[in-house]
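Each residue of the sequence shown is one higher than the one before, counting from 1 in the UniProt record's numbering.
Every residue gets a Cβ at the ideal spot worked out from N, C-alpha and C, and that includes glycine.
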Amino acid sequence: MVGGGVSIYIHNSITFETSEELYKDGNHYVWVYLPKYALHIGAIYKPGSTSVRAFLDIFSMQLESRKRSLVFGDFNLDLLVTDIDVKRYVHALEEAGFKILNKIDKQYTTRQTAATGTILDHVSTDLTKNHFKFALLDSSSSDHKQIYLELSKYRSQTKQRIQYEAVDYENLHKGINDATYTNEENKYDYLENFINTHITDSKIYKTKIMNLPRDDWINKEIIDMINRRNLLWQQIKADKRNEALKNKFIVERNKVGKRISADKSKYYYNEFMKCSNSPKKMWNLINTLAANKIKTTCAPPKIISDSQVITDALMFYTIRYREALAISLLLSFKAVVNEEDIMAICKSSVI
Numbered sequence: 001m002v003g004g005g006v007s008i009y010i011h012n013s014i015t016f017e018t019s020e021e022l023y024k025d026g027n028h029y030v031w032v033y034l035p036k037y038a039l040h041i042g043a044i045y046k047p048g049s050t051s052v053r054a055f056l057d058i059f060s061m062q063l064e065s066r067k068r069s070l071v072f073g074d075f076n077l078d079l080l081v082t083d084i085d086v087k088r089y090v091h092a093l094e095e096a097g098f099k100i101l102n103k104i105d106k107q108y109t110t111r112q113t114a115a116t117g118t119i120l121d122h123v124s125t126d127l128t129k130n131h132f133k134f135a136l137l138d139s140s141s142s143d144h145k146q147i148y149l150e151l152s153k154y155r156s157q158t159k160q161r162i163q164y165e166a167v168d169y170e171n172l173h174k175g176i177n178d179a180t181y182t183n184e185e186n187k188y189d190y191l192e193n194f195i196n197t198h199i200t201d202s203k204i205y206k207t208k209i210m211n212l213p214r215d216d217w218i219n220k221e222i223i224d225m226i227n228r229r230n231l232l233w234q235q236i237k238a239d240k241r242n243e244a245l246k247n248k249f250i251v252e253r254n255k256v257g258k259r260i261s262a263d264k265s266k267y268y269y270n271e272f273m274k275c276s277n278s279p280k281k282m283w284n285l286i287n288t289l290a291a292n293k294i295k296t297t298c299a300p301p302k303i304i305s306d307s308q309v310i311t312d313a314l315m316f317y318t319i320r321y322r323e324a325l326a327i328s329l330l331l332s333f334k335a336v337v338n339e340e341d342i343m344a345i346c347k348s349s350v351i
């Protein structure tokens, strides 16, 4: 490594994971995750000589892929100066939902010389509802001041556990096989009681861990509506002939569907509006939506340039399209298309 870097020191009593470490284009990025506090901590070093645009391409994606984060670093971007590079940096932070905790004032410089005072060392976070204690301390080993930051105590949200009844199908199968069943008069009620008795005897209690919402558009109101809908469904299962309860469930189910659709559309509309000046960020969002998974891309690893591969793909598409079109045209003239017609079409397509 040339020009310097960063490191993170963590007390032995704290469990952590190193989620990412990258050294590219002269810039150094280190990220760790603290499960107990559901907190990401980043340490960044960007020398003054490296490209701001290349740095922000990587840094902005790192911010976008993390929630509940604190980022420390020597960015060599003076917040007391309002040039184009500083504006791009601040805009990237704001787009990702982060704010700078430094006080941007000449009294709070992080590097002070006899002639100049600059704010090159920054702390940013997306924890907008937490309180911080922030202080600058003189250092005897560097011309940069040390940054002391204290985060108000936070207890991470625990996963809810619920108990529910389930059928142990192995016990049910064994119980029915071992039981003596006689129904000479072929009475349905007798068969029904026989099955219900063994189902009841085979029921066990299980514990289900409710995962926390993964998507930002899922809020407490939606979760409450889903819980009300599910409660009605459980009541219907216990009273299947209650028409009033069924109608109430249908109304609640439709309300939940409309609310989810509206909130999801509004959320992603706002997300796309944030990407108006960042094509790379927009494509990252599109990939996330298309794959329906976090941090998964639907794009190929590289642009396909092999002419033979491209030709084969186009030929395959053309043949299938011709077959479908020919069968469609044939159906418009004939009521029934037999196997011989289809074979003739496929043969002509291959030729």
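Is it right to say residue i is buried, meaning 16 or more other beta carbons lie within 10 angstroms of its own, or is it exposed?
| i | result |
| --- | --- |
| TYR60 | At residue 60 the sequence reads Ser, which differs from the Tyr that was named. By the neighbour-count rule (16 or more Cβ atoms within 10 Å), SER60 is buried. |
| LYS281 | buried |
| TYR45 | buried |
| SER124 | buried |
| TYR89 | buried |
| LEU137 | exposed |
| ASP109 | In the sequence as displayed, the identity of residue 109 is Thr instead of Asp. Looking at its Cβ environment, which holds 16 or more other Cβ atoms inside 10 Å, THR109 is buried. |
| PHE98 | buried |
| GLU165 | exposed |
| ILE41 | buried |
| ALA299 | Residue placement at ALA299 is poorly supported in this model, since its pLDDT is 44, which falls under 50; the coordinates still yield a value, given next. Exposed, by the Cβ-count rule. |
Compute the Euclidean distance between the alpha carbons of residue i and residue j, then round it to the nearest angstrom.
| i | j | result |
| --- | --- | --- |
| LYS56 | PRO279 | As written in the sequence, residue 56 is Leu, which differs from the Lys given in the question. Rounded to whole angstroms, LEU56 to PRO279 spans 13 Å at the Cα level. |
| VAL32 | LEU285 | 24 Å |
| GLY73 | ALA324 | 59 Å |
| LEU70 | TYR29 | 13 Å |
| ALA244 | ILE226 | 19 Å |
| HIS11 | GLY26 | 29 Å |
| ARG53 | HIS91 | 12 Å |
| ILE8 | ARG228 | 46 Å |
| ALA96 | SER328 | 50 Å |
| ILE294 | ASN287 | For ILE294, the predicted structure reports a pLDDT of 44, less than 50, and the residue's modelled location is therefore unreliable. A value from the coordinates is still provided. If you take the alpha carbons of ILE294 and ASN287, they lie about 9 Å apart. |
| ASN130 | GLN308 | 57 Å |
| ILE209 | SER13 | 27 Å |
| GLU184 | TYR190 | 10 Å |
| HIS122 | ARG161 | 40 Å |
| GLN62 | LEU93 | 11 Å |
| GLY257 | PHE272 | 22 Å |
| ARG66 | LEU39 | 9 Å |
| GLY5 | ALA115 | 26 Å |
| LEU127 | LYS274 | 19 Å |
| ASP78 | LEU289 | 36 Å |
| GLU192 | ASN242 | 21 Å |
| TYR321 | MET315 | 10 Å |
| SER261 | SER276 | 23 Å |
| VAL167 | LEU232 | 21 Å |
| LYS106 | THR118 | 8 Å |
| TYR205 | ASP224 | 24 Å |
| TYR317 | GLU64 | 37 Å |
| ALA313 | ALA326 | 20 Å |
| THR15 | LYS24 | 27 Å |
| ASP263 | THR180 | 56 Å |
| LYS246 | ASN186 | 33 Å |
| TRP283 | GLU20 | 22 Å |
| LYS248 | ASN230 | 12 Å |
Using only CA atoms, which one of the options lies nearest to residue i?
| i | options | result |
| --- | --- | --- |
| SER141 | ARG111, GLN163 and ASN254 | ARG111 |
| LYS103 | THR113, LEU22, LEU127 and ALA135 | ALA135 |
| ILE250 | ILE236, THR109 and ASP25 | ILE236 |
| TYR37 | GLU17, SER276 and TYR23 | GLU17 |
| ILE113 | ASP121, ASP143 and LEU127 | Note that residue 113 is Thr in the sequence shown, not Ile. If we check each option's Cα against that of THR113, ASP143 comes out closest. |
| LYS203 | ASN230, GLY175 and GLU21 | GLY175 |
| LEU120 | ALA166, SER276 and GLN146 | GLN146 |
| LEU22 | CYS275, ASP78, ALA43 and ILE100 | ALA43 |
| ILE222 | LYS99, VAL6, THR128 and ASN254 | ASN254 |
| GLU150 | LEU101, LYS106 and ASN193 | LEU101 |
| ASN177 | ASN186, VAL167, PHE194 and SER19 | PHE194 |
| GLY48 | ILE41, GLU64 and PHE75 | PHE75 |
| ILE218 | ARG259, THR182 and TYR188 | ARG259 |
| THR207 | ASP239, SER139, GLU20 and GLN163 | GLN163 |
Is any non-hydrogen atom of the ligand COA found closer than 7 Å to the C-beta of residue i, if you look at the structure I gave you?
| i | result |
| --- | --- |
| LYS129 | Absence of the ligand COA is noted for the structure shown, with no ligands found whatsoever. |
- Message: Suppose only complete runs of 4+ residues qualify. What are the alpha helix (DSSP H) ranges in the region 35-78, listed by chain order?
- Response: For the region 35-78, whole alpha helix (DSSP H) runs of length 4 or above, ordered along the chain, are 52-64.
- Cβ contact (3+ pairs, closer than 8 Å) linking the region 76-89 and the region 267-274: Touching, no, given that fewer than three Cβ pairs across the two stretches are closer than 8 Å.
- Query: Counting pairs of Cβ atoms below 8 Å between the region 193-201 and the region 170-182, do you hit three or more?
  - Reply: Touching, per the Cβ criterion.
- Message: Ignoring anything shorter than 3 residues, give me the beta strand (DSSP E) runs that lie fully in the region 72-143, in order along the chain.
- Response: Annotation note: the region 72-143 contains the following uninterrupted beta strand (DSSP E) runs of length 3 or greater, listed N- to C-terminal: 121-125 and 132-137.
- Query: In the region 195-237, which residue ranges form an unbroken beta strand (DSSP E) of at least 3 residues, counting only runs that do not cross its ends?
  - Reply: Segments of the beta strand (DSSP E) lying fully in the region 195-237: 203-210.
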